[in-house]
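Below: one structure, written as structure tokens.
Number of protein chains: 2
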Amino acid sequence: MQFETNYTVDFKNRSPLDGVDELFYKRWSPRSFKKTIIPEDILNAIFDAARWAPSCFNEQPWLIVTSSGEEDFGIFLDLLRESNQEWAQNASILGFIFARKNFSHNQSPNRYSFFDCGAAWMALTQQANMYGLYTHCMGGIMRKEVNKKLNVPEDEYEVVCGFAIGVIDTPEKLSEDLAKREMPSSRKSLIEIWKQGKLPAKE
Amino acid sequence: MQFETNYTVDFKNRSPLDGVDELFYKRWSPRSFKKTIIPEDILNAIFDAARWAPSCFNEQPWLIVTSSGEEDFGIFLDLLRESNQEWAQNASILGFIFARKNFSHNQSPNRYSFFDCGAAWMALTQQANMYGLYTHCMGGIMRKEVNKKLNVPEDEYEVVCGFAIGVIDTPEKLSEDLAKREMPSSRKSLIEIWKQGKLPAKE
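For the record, the sequence lines run as chains V and C.
The letter at position 14 of the first sequence is residue 13 when you use numbering that gives the first Met the number 0, and the numbering goes up by one with no holes.
The letter at position 128 of the second sequence is residue 127 when you use numbering that gives the first Met the number 0, and the numbering goes up by one with no holes.
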């Protein structure tokens, strides 16, 4: 199944190297969504993709909590910062990712919990993309409120981020300010993020 | 291009839900590798895939440093814990992922740097998988030595993990102890990592 949209994203300011699959450079975090119901079996597949992401000691140190109905959606929306609420109200699903703070095998702090959550988030996003859906990750959340409102124990889990999943819509739907920024961002050049061999020694 | 191997991985103990792409559940971190040279253009594509991963404020807070030749490879190998050196010596590429500690726009700590590195690692891994290559991420590294030996400034970057990329080989090549563990691991059930709606309130 592919979700239909009346908007075609222009990726012209992204220049991947030869051989890079479009799964990577056609991933984008838009803000304009068209409220659409996502069937249960597709949601299952999206979150199941995260389950297979790698994690240190196979801990799967993530807990993903999502809106499950109309009433819940409002509770989740209220936990975002206002600037995110403006557009996220049109998403199909809102959720939060929590990182389990300690390893279950010895209760010591898990240094890799955020790293592993990032890998799981990428898998979730890509499986959503494969259905024609878009995702948007948000740092702008009411961090202190989230655990409390969703009853997620603070001593065990730290909220990492919020996120939206939905069907993309045209930029015109957004406020003027957001509409101007509604396009895929470019990137640093490869040489800035990848070095071959050790770096030159400092003088 | 697809790298050839004489070993077919058995994923029978992984049961994804319907609709999950095999890109996710056929990702695995083996230890048995067959030393093979990976052409430059393929390496470029693998690391370029990471470049397109999402990051907070589009910071791309990762620095990936990889072995670039025979002499370098030994330096990189020595920075792994001994238990990892045993098998990683047969990888094609060894590398380390570093997280930039502070945001470049205001120098405040970047809470999302590890999360963003995790997403980039996932992209890199999947692009490698698309070429028939496997990756293995390692927490077992000489953390204090890595920055020093590779001349990566400690005040700016924290090493997250080491990793290997290579062509998979048969388990028999490993020591008896490692050979026994050389199979894709299973996962928790979906209900353990994903909840719909807020959790039940504690009594």
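Yeah, the Cβ is synthetic: ideal placement off N, Cα and C, and Gly gets one too.
Just so you know, these numbers come straight off a predicted model, no measurement behind them.
Spell out the partners DSSP gives P205 (chain V) in its beta bridges. With chain V covering only 0 through 202, there is no way to say anything about residue 205 (chain V).
Sequence-distant residues of its chain with Cβ nearer than 8 Å to N128 (chain V) (five each side left out): L22, K25, R26, T134
Nearest-angstrom Cα distance between T4 (chain C) and W120 (chain C)? 23 Å
Anyone know if the C-beta pair for S91 (chain V) and Q195 (chain C) falls short of 7 Å? no
Let me check understanding here. Comparing Cα to Cα, which of C:L16, C:A44, C:R13, C:E144 lies closest to Q125 (chain C)? C:A44
Using a threshold of 7 Å, state whether the C-beta atoms of K34 (chain C) and N89 (chain C) are closer than that. yes
Compute the distance between the beta-carbons of F97 (chain C) and Y156 (chain C), then report whether it is under 7 Å. yes
Secondary structure, alpha helix (DSSP H): runs of 4+ residues fully inside the segment 116-186 of chain C: 142-149, 175-180
Go through its chain and collect everything with a Cβ distance to S112 (chain V)'s Cβ below 7 Å, but skip five positions before and after it. P60, A98, R99, K100
Using a Cβ cut-off of 7 Å (strictly closer), state whether A163 (chain V) contacts chain C. no
Whose C-beta lies closer than 7 Å to the C-beta of E181 (chain V) among residues of the same chain, with five residues either side of it excluded? P29, R30, S31, P170, L173
Out of curiosity, what's the CA-to-CA distance linking S184 (chain C) and K179 (chain V)? 46 Å
If you measure from the beta carbon of R180 (chain V) to each beta carbon in chain C, is any gap under 7 Å? no
Identify every residue that forms a DSSP beta bridge with G94 (chain C). C:T65, C:F162
Using the beta-carbon of each residue, which ones in chain C are nearer than 8 Å to I206 (chain V)? Residue coverage of chain V in this structure runs from 0 to 202, which leaves residue 206 (chain V) outside it and unanswerable.
CA-to-CA distance, Q106 (chain C) to I167 (chain V), given in whole angstroms: 33 Å
Consult DSSP for Q195 (chain V) and reduce its assignment to one of helix, strand or coil. strand
According to DSSP, which residues form a beta bridge with K11 (chain C)? Paired residue(s): none; K11 (chain C) is not in a bridge.
Given a cut-off of 7 Å, decide if M137 (chain V) and G117 (chain V) are closer than it, judged by their beta-carbon atoms. no
Taking Cβ positions only, does Q59 (chain V) come closer than 7 Å to chain C? yes
On the criterion of 16 or more Cβ atoms from any shown chain inside 10 Å, does S207 (chain C) qualify as buried, or is it exposed? Nothing about residue 207 (chain C) can be read from this structure; chain C reaches only from 0 to 202.
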